[in-house]
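J.: My structure is below; once you've seen it, I'll send some questions.
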Amino acid sequence: MGAIFVIAVNYVKLKNSSYKLIKDGVIAILHNKIYTLGKQYIAQEYISVEALDDFEHLYKAYHALGGNGTGTEIYKRVKELPMKQGKE
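Take 0 as the starting number for the sequence shown in numbering that gives the first Met the number 0 and just add one per residue.
Next up, the structure:
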């Protein structure tokens, strides 16, 4: 019975480790997309309503997973940009 418990505990640890790696990878991908798009919008000095909606979806997922730092700073800067109609 003790061996089964040890196997179960090790399995849970492995699953948690894999989950953390996947989560960290998703955060990294979202951060890269936020950084890349955010710098583009900041450089052009405006954002469309549609692009802002897409950008907010990226940021909400990023933030919900625990992302912060530069991603949050770029998000704040993008939110302050003037909006124009039409998709970029």
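Where a beta carbon is used, it is the ideal one built from N, C-alpha and C, also for glycine.
Looking only at C-alpha atoms, which of 6, 67, 79 and 76 sits nearest to residue 23?
T.: Locating residue 23 in the sequence shown gives position 24, counting from the first residue. When each option's Cα is compared against that of residue 23, the closest is 67.
J.: Can you name, in chain order, every residue of its own chain whose Cβ lies under 8 angstroms from the Cβ of residue 64, other than the five neighbours on each side?
T.: On the sequence shown, residue 64 is found 65 positions in, with the first residue counted as 1. Cβ neighbours of residue 64 beyond the five flanking positions: 22, 25, 26 and 29.
J.: Just the Cα atoms here: how many angstroms apart are residue 49 and residue 69?
T.: Position 50 of the sequence shown holds residue 49. Position 70 of the sequence shown holds residue 69. If you take the alpha carbons of residue 49 and residue 69, they lie about 23 angstroms apart.
J.: At the level of alpha carbons, what is the spacing between residue 9 and residue 76?
T.: Walking along the sequence shown from the start, residue 9 turns up at place 10. Walking along the sequence shown from the start, residue 76 turns up at place 77. Cα-Cα distance, rounded: 44 angstroms.
J.: What separation, rounded to the nearest whole angstrom, lies between the Cα atoms of residue 34 and residue 5?
T.: The residue labelled residue 34 in the question sits at position 35 within the sequence shown. The residue labelled residue 5 in the question sits at position 6 within the sequence shown. Approximately 43 angstroms, taken between the alpha carbons.
J.: Out of curiosity, what's the CA-to-CA distance linking residue 14 and residue 84?
T.: Reading the sequence shown from its first residue, position 15 is the one you call residue 14. Reading the sequence shown from its first residue, position 85 is the one you call residue 84. Each residue's alpha carbon lies about 46 angstroms from the other.
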